[in-house]
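Each number in this note's numbering comes from the position in the sequence shown (counting from 1) with 162 added on. Backbone N, C-alpha and C fix where the C-beta goes; we use that ideal spot for every residue, glycine too. These numbers were taken from a predicted model, which means no experiment stands behind them. Inspection log for the structure reproduced underneath, given as structure tokens.
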Amino acid sequence: GINKRSILFNLTTINFPNSFTVDIMHLFYENIAKYMFEYWTGTFFSDASQNNEPYVLAKSVWSEIGNQMHSLRKDLPSNPGRPLRNILHHYRGYKAEEWAAWITMYSLPLLKGRLPSEYYNGWSLFVRAVRLCQKKVISVHDLNNINELLLKFYTHYEK
């Protein structure tokens, strides 16, 4: 592990943290997506009274979503790797590629009509930003859109 100050701090040409790009795998896939799922399932807060919000979907709804995900496995092409598992039962073991698939392919169709529209629309801002970030070539216009979408998502989420 890291046990002392990095020698990189001695380089005057490096400005921490601005010299480093955002790590989409950890930030978007393994943090934001997982935390939003925990909000929506009412498992994010250890104090159960804080998990009683309109964005919390009943376990029966998540069972439906998980069953739909499982049934879609045979109809959707899989990325290299395993097909997406039932999110309700396996989210704790999800890898980054599964969270990426949940965000970009599964979440919006499966949450539509289930998650209250205010929260669905807020989540769709994040999904659109992630899809833009996944492009092989990102233009300046894309960067501006990503910035705008993430700021809107942040503002929505912090309300």
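With 16 as the cutoff for other CB atoms within 10 Å, does residue i come out buried or exposed?
i, result
"Leu246", "buried"
"Ile249", "buried"
"Arg290", "buried"
"Leu277", "buried"
"Val292", "buried"
"Phe190", "buried"
"Leu305", "exposed"
"Ala195", "buried"
"Ile308", "buried"
"Leu173", "exposed"
"Ile227", "buried"
"Tyr316", "exposed"
"Leu311", "buried"
Under 8 Å between the Cβ atoms of residue i and residue j?
i, j, result
"Leu294", "Lys314", "no"
"Glu192", "Trp264", "no"
"Thr266", "Gln230", "no"
"Ala258", "Met187", "yes"
"Asn214", "Phe206", "no"
"His318", "Gly284", "yes"
Quick check: the region 208–222 against the region 254–272, are there 3 or more CB pairs under 8 Å? no
For the structure I just gave you, are there three or more beta carbon pairs, one from the region 177–184 and one from the region 251–262, closer than 8 Å? no
Could you give the uninterrupted runs of the alpha helix (DSSP H) lying entirely in the region 231–285, keeping only those of 4 residues or more? You should have 249–252, 258–263, 269–273.
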